[in-house]
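Quick note on numbering: numbering that gives the first Met the number 0 labels position 298 of the sequence shown as 297, and the sequence is numbered without any gaps.
Where is the CB? At the ideal position from N, CA and C, for every residue including glycine.
Note sheet for the following structure.
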Amino acid sequence: MSNPSLLILAGDGIGPEVMNEVKKIIGWYGDKRDLAFDVEDDLVGGAAFDAHGTPLTDATMEKAQNADAVLLGAVGGPKYDTLDFSQKPERGLLRLRKEMDLFSNLRPAQCFDALADFSSLKRDVVAGLDIMIVRELTSGVYFGEPRGIHKEGNERVGVNTQRYTESEIARVARSAFELARRRNNKVCSMEKANVMESGVLWRQVVTEIHEAEYADVELSHMYADAGAMQLCRWPKQFDVIVTDNLFGDLLSDAAAMLTGSLGMLPSASLGAPMANGRPKALYEPVHGSAPDIAGQGKANPIACILSFAMALRYSFDQAAEAERLEKAVEKVLADGKRTADLLGPEGGTPISTAEMGDAIVEAL
Ligand code: ATP
Ligand code: MG
């Protein structure tokens, strides 16, 4: 049997720096766990523009469609700010998401004990927190028509349309229920069914899918505003939260920051199942290309490393190995090792990107 394939698009800024550390970890799995991947490197974003005059070539797009998983670093940087909209580095990422039809965006909020005091919340509220927000990524108010700014009488009117079809809700609901079965069998669905028709339909469809296919999973519903409040008050009451594009945008940012630094946050974007039964998938850190620290060996590689852990779990059926990697990260943090972004006001001596990667390999 051939090895699972992984397309690596390191991108720009700190992307290649953090990806280097992930490659050490991939190497470790090949050497020590007999879990080898066929890794192919390619360009995206500004790096692709510099080489080919486009942020994503058709050939790279094709490779992404055929890979078992795509791992992306970050795109963008000041050098590309003056480019035409269609050539901007971010367009490369948007094209990947759109053509791979990645409708389900998974954003974990996981609090490592060693960083629990880093949160703005009290330690007992966040310590041990491990929840997952599933955000619908390809529909809703960000895409609905009609949209635009027009004149009505002598004033301007801005219009967006929140629109969801039954099948769009059903597929993201299924993705959340499937996830729940691999976790703690609990889903909370959030919308505003009290004031929005799309929310009424959302609740109906999620309930129908639940009854017909996932009755073994515990399901609750919450209005998204109440959900936001509960997320700040006592986030550990949740396990998987599923919500639409707009609410998910807000709730996932809020939930993520319960736990501390941008340098710690992984994500996955999943699409429809492929022939092997696993979903199309793109894994990437939440952070951007961080031009202010690029090239200085300061970037925290953990977000990208944890994104690879998500790939192990959701694309390669290696939950135990994903856990091993997360435990290794936890151990390194518990040992007091910190990149600069993880040092609080009391300071300390930071380690470099490469030292953090090496420490995690060592802990593995
Ligand atoms: P984008 O526009 O691509 O979403 P952004 O400009 O909003 O990105 P980032 O590029 O993520 O944000 O950077 C925001 C801040 O966080 C910067 O000061 C950056 O140095 C810091 N930062 C981001 N990622 C990391 C990381 N992995 N390690 C350390 N610091 C980071
Ligand atoms: Mg930026």
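Proximity of the region 291-302 to the region 6-24 meets the contact definition, three or more beta-carbon pairs being nearer than 8 Å. DSSP places L200 inside the alpha helix (DSSP H), whose first and last residues are 196-212. Between the alpha carbons of P88 and G75 lies a distance of about 5 Å. Secondary structure at R90: helix, using DSSP grouped into helix, strand and coil.
At a cut-off of 7 Å, the beta-carbon of G262 counts as near the ligand ATP: some heavy atom of the ligand is closer than that.
Taking 7 Å as the cut-off, one finds at least one heavy atom of the ligand ATP near enough to the beta carbon of A73.
In the DSSP annotation of this structure, V216 is not part of any beta strand (DSSP E), being labelled neither H nor E. Counting only residues of its own chain and dropping the five nearest sequence neighbours on each side, F237 has a CB closer than 6 Å to the CB of I130, C187. The C-beta distance from L257 to V125 rounds to 6 Å, short enough to fall under 8 Å. Judged by their CB atoms, I359 and I24 are nearer to each other than the 8 Å cut-off. In this chain, T352 is not harboured by any beta strand (DSSP E); it is covered by the alpha helix (DSSP H) spanning 352-362.
Remark: the C-beta of G287 is in contact range of the ligand ATP, defined as less than 7 Å to any heavy atom. According to the DSSP secondary-structure assignment, C187 is paired through a beta bridge with S219, I240. For the beta strand (DSSP E) assignment, the uninterrupted runs of no fewer than 3 residues enclosed by the region 137-171 are, from N- to C-terminal side, 143-151, 154-160.
P77 carries a helical assignment under DSSP once its states are collapsed to helix, strand and coil. Under the criterion of beta carbons closer than 8 Å, A172 and V205 qualify as touching, at roughly 5 Å.
Note: A308 is not bridge-paired with any residue in the DSSP secondary-structure output.
Secondary structure note for P15: its alpha helix (DSSP H) is the uninterrupted segment 14-31.
With distances taken between CA atoms, L105 lies nearest to I240 out of I240, A46, T53, A271. Comparing alpha-carbon positions, the option among I350, A319, A321 lying closest to D334 turns out to be I350.
Judged by the Cβ position, V17 qualifies as a neighbour of the ligand ATP at the 7 Å threshold, a heavy atom of the ligand being closer than this. Per DSSP, the unbroken beta strand (DSSP E) holding K279 starts and ends at 278-284.
Closest in alpha carbon position to M263, among C303, D243, G44, E61, is C303. In the displayed model, S251 falls within a helix according to three-state DSSP.
Using a 10 angstroms sphere on the CB of L93, the tally of other CB atoms stays under 16, which defines it as exposed. Closest in C-alpha terms to L230, from the list H220, E217, A254, E212, comes A254. Within the same chain, Cβ atoms closer than 7 Å to the Cβ of V38 are found at L5, I7, I25, the five residues on either side in sequence being excluded. With distances taken between CA atoms, G12 lies nearest to S288 out of G346, S288, E322, D357. Between D67 and S314, the gap from beta carbon to beta carbon is short of 8 Å. Around the beta carbon of V285, 16 or more other beta carbons sit within 10 angstroms, so the residue counts as buried.
For A321, the three-state secondary structure derived from DSSP is helix. In the displayed model, E98 falls within a helix according to three-state DSSP. Straight through space, the alpha carbons of L70 and E320 are spaced by roughly 17 Å.
Here E135 is near D243, since their CB atoms are less than 8 Å apart. Between the alpha carbons of D112 and R122 lies a distance of about 9 Å.
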